[in-house]
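Accompanying notes for the structure given below.
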Amino acid sequence: MSSYSRSAQQWATFARSWFLIDARLQPPGKIATMCSVRLQGKHKPIYHPLSDIGDHVVVMNTKHIAFSGNKWEQKVYSSHTGYPGGFKQLTAAQMHKKDTTAVLPEDILKNLTEELPQPREIPRKLSEYTQEERNAFPMLWTPPEDFRMK
Amino acid sequence: MTARGTPSRFLQSVLHNGVGRYVCQLKRISLVFSKKGQGSVGVRDFIEEGVVDFAKNNPGTVVYISPQSCGIPKIVAEYLNGKVQEETLTNKTSQQITELITKLSNQSGLDIIRIRKPFHTDSPSIQGQWHPFTNRTPSIDPVGPQAK
Chain H
178 MSSYSRSAQQ
188 WATFARSWFL
198 IDARLQPPGK
208 IATMCSVRLQ
218 GKHKPIYHPL
228 SDIGDHVVVM
238 NTKHIAFSGN
248 KWEQKVYSSH
258 TGYPGGFKQL
268 TAAQMHKKDT
278 TAVLPEDILK
288 NLTEELPQPR
298 EIPRKLSEYT
308 QEERNAFPML
318 WTPPEDFRMK
Chain S
1352 MTARGTPSRF
1362 LQSVLHNGVG
1372 RYVCQLKRIS
1382 LVFSKKGQGS
1392 VGVRDFIEEG
1402 VVDFAKNNPG
1412 TVVYISPQSC
1422 GIPKIVAEYL
1432 NGKVQEETLT
1442 NKTSQQITEL
1452 ITKLSNQSGL
1462 DIIRIRKPFH
1472 TDSPSIQGQW
1482 HPFTNRTPSI
1492 DPVGPQAK
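Top to bottom, those sequences are chains H and S.
Here the working numbering is used: the first residue of the first sequence is 178, the next is one more, and so on.
Here the working numbering is used: the first residue of the second sequence is 1352, the next is one more, and so on.
What follows is the structure, encoded as structure tokens:
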């Protein structure tokens, strides 16, 4: 790359990349921090607060985003319009229902350079385990055939 | 005026002078003075004592002495890149003129304006300048939902 002309080297160093992140079954806070780091440009060694070096981040499958705990019912998004009686409060579940996202357009798909790794490991469902793994799982005791659980 | 209002340049040398041999950038020096005037006393003293030594020490510079009936004695320095600099020598002593002429011979012909950085290098990066793909693991798989 050092054989490039000065303008080509400048263009390469300050190029803006497009990242993709799949938000399926991921915590929204962790996704948000990853996005903010890349949107500011803080993942680049050439970062400076005055220069415009942030990258684009495309977040897909936001419909399947996963809050942990009871946040769907308990987390409240508040805002005030400025006018009297304009204090609005929405729980996370209602906020999520309002927002729907569409299909990724083709030109963006062609531009994507890197897919970011998901922050949370998605646990597998029982049906996704093979029979050998289920047999190999340690069990404390095996119930007899005619055992009935109350 | 502020730094933004006045012109500025980057540190440089004329044609990488000094990397190989050093070439004195002063091409020609013309001393214009009057034979009888009051302000040219110092110039006349300098011509008596210092100018020959200066010319011997700087073989690359041509020295012209031109006595004219002029009001103000001056020195005109011309450089290899075409810059012409004039300084007036009225009521200067011979010592001051020697200092001035050594200063002129040490200058290159570049403009005397604000230098943006006191350093310059032709090879700003040894290991290669960073670009977005420097530390990215290469992969052939396409990125995006069609890969799933």
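Every residue, glycine too, gets a C-beta built ideally from N, C-alpha and C.
CA-to-CA distance, residue j to residue i, given in whole angstroms
i: residue 1382 of chain S; j: residue 1419 of chain S; result: 10 Å
i: residue 1452 of chain S; j: residue 190 of chain H; result: 47 Å
i: residue 1487 of chain S; j: residue 182 of chain H; result: 23 Å
i: residue 220 of chain H; j: residue 240 of chain H; result: 27 Å
i: residue 1499 of chain S; j: residue 251 of chain H; result: Residue confidence for residue 1499 of chain S is low, a pLDDT of 45 falling below 50, so the modelled location carries little weight and cannot support an answer.
i: residue 1430 of chain S; j: residue 1474 of chain S; result: 28 Å
i: residue 180 of chain H; j: residue 193 of chain H; result: 21 Å
i: residue 319 of chain H; j: residue 313 of chain H; result: 13 Å
i: residue 257 of chain H; j: residue 267 of chain H; result: 12 Å
i: residue 226 of chain H; j: residue 254 of chain H; result: 29 Å
i: residue 286 of chain H; j: residue 229 of chain H; result: 23 Å
i: residue 249 of chain H; j: residue 202 of chain H; result: 14 Å
i: residue 263 of chain H; j: residue 213 of chain H; result: 29 Å
i: residue 210 of chain H; j: residue 271 of chain H; result: 23 Å
i: residue 308 of chain H; j: residue 199 of chain H; result: 29 Å
i: residue 334 of chain H; j: residue 1485 of chain S; result: Residue 334 of chain H cannot be examined here, being either before or after the span of chain H that is shown, 178 to 327.
i: residue 1478 of chain S; j: residue 1472 of chain S; result: 15 Å
i: residue 1306 of chain S; j: residue 222 of chain H; result: Examination of residue 1306 of chain S is not possible in this model, given that chain S is present from 1352 through 1499 alone.
i: residue 1483 of chain S; j: residue 1375 of chain S; result: 45 Å
i: residue 1500 of chain S; j: residue 1432 of chain S; result: Outside the shown range of chain S, which is 1352 to 1499, sits residue 1500 of chain S, and nothing can be said about it.
i: residue 1547 of chain S; j: residue 1367 of chain S; result: The structure shown has nothing for residue 1547 of chain S, since chain S only spans 1352 to 1499.
i: residue 1415 of chain S; j: residue 1380 of chain S; result: 6 Å
i: residue 1467 of chain S; j: residue 197 of chain H; result: 41 Å
i: residue 327 of chain H; j: residue 321 of chain H; result: 15 Å
i: residue 1373 of chain S; j: residue 1412 of chain S; result: 14 Å
i: residue 293 of chain H; j: residue 215 of chain H; result: 11 Å
i: residue 1437 of chain S; j: residue 1444 of chain S; result: 17 Å
i: residue 1405 of chain S; j: residue 1393 of chain S; result: 16 Å
i: residue 1440 of chain S; j: residue 1461 of chain S; result: 22 Å
i: residue 306 of chain H; j: residue 317 of chain H; result: 19 Å
i: residue 188 of chain H; j: residue 1356 of chain S; result: 29 Å
i: residue 325 of chain H; j: residue 315 of chain H; result: 21 Å
i: residue 247 of chain H; j: residue 206 of chain H; result: 15 Å
i: residue 310 of chain H; j: residue 282 of chain H; result: 40 Å
Residue from the options whose Cα sits closest to the Cα of residue i
i: residue 208 of chain H; options: H:223, H:234, H:227, H:185; result: H:234
i: residue 297 of chain H; options: H:194, H:286, H:213, H:244; result: H:244
i: residue 1455 of chain S; options: S:1357, S:1428, S:1407; result: S:1428
i: residue 330 of chain H; options: H:305, H:262, H:324, H:242; result: The question about residue 330 of chain H has no answer here: the residues shown for chain H are numbered 178 through 327.
i: residue 1446 of chain S; options: S:1384, S:1400, S:1367; result: S:1400
i: residue 284 of chain H; options: S:1389, S:1478, S:1444, S:1494; result: S:1494
i: residue 1361 of chain S; options: S:1492, S:1490, S:1465; result: S:1465
i: residue 299 of chain H; options: H:197, H:321, H:204; result: H:204
i: residue 1481 of chain S; options: H:224, H:288, H:238; result: H:224
i: residue 1384 of chain S; options: S:1369, S:1442, S:1460; result: S:1442
i: residue 295 of chain H; options: H:218, H:237, H:184, H:231; result: H:237
i: residue 1492 of chain S; options: H:301, H:289, H:216, H:303; result: H:289
i: residue 1421 of chain S; options: S:1407, S:1354, S:1387; result: S:1387
i: residue 1369 of chain S; options: S:1459, S:1403, S:1424; result: S:1459
i: residue 1359 of chain S; options: S:1476, S:1463, S:1371; result: S:1463
DSSP beta-bridge partners of residue i
i: residue 255 of chain H; result: H:266
i: residue 291 of chain H; result: H:196
i: residue 301 of chain H; result: Paired residue(s): none; residue 301 of chain H is not in a bridge.
i: residue 236 of chain H; result: H:198
i: residue 1383 of chain S; result: S:1417, S:1425
i: residue 1491 of chain S; result: Paired residue(s): none; residue 1491 of chain S is not in a bridge.
i: residue 182 of chain H; result: Per DSSP, none; premise fails for residue 182 of chain H.
i: residue 1465 of chain S; result: S:1359
i: residue 286 of chain H; result: For residue 286 of chain H, which the question treats as bridged, DSSP gives no partner whatsoever.
i: residue 317 of chain H; result: Paired residue(s): none; residue 317 of chain H is not in a bridge.
i: residue 1366 of chain S; result: Its beta-bridge partners do not exist; DSSP assigns none.
Sequence ranges, beta strand (DSSP E) only - wholly within the stretch 1404–1454 of chain S, length at least 3: 1413–1418, 1425–1430, 1435–1439
In chain order, what residues of the stretch 193–222 of chain H put their CB closer than 7 Å to some CB of chain S? 194, 197, 222
Residues within the stretch 1381–1404 of chain S neighbouring chain H, beta-carbon criterion of under 7 Å: none
Of all the residues that make up the stretch 1406–1419 of chain S, which are near chain H by a beta-carbon distance shorter than 9 Å? none
Of all the residues that make up the stretch 279–295 of chain H, which are near chain S by a beta-carbon distance shorter than 8 Å? 281, 286, 289, 290, 291, 292
Positions along the stretch 1446–1473 of chain S whose CB lies within less than 7 Å of some CB in chain H: none
Residues, ordered as in the chain, of the stretch 299–317 of chain H that lie near chain S by beta-carbon distance below 7 Å: none
Residues of the stretch 1357–1369 of chain S with Cβ closer than 7 Å to any Cβ of chain H, in chain order: none
Whole alpha helix (DSSP H) elements within the stretch 205–230 of chain H, 4-residue minimum: 205–217
Taking only beta carbons into account, state which residues of the stretch 266–277 of chain H come closer than 8 Å to chain S, listed in chain order. none
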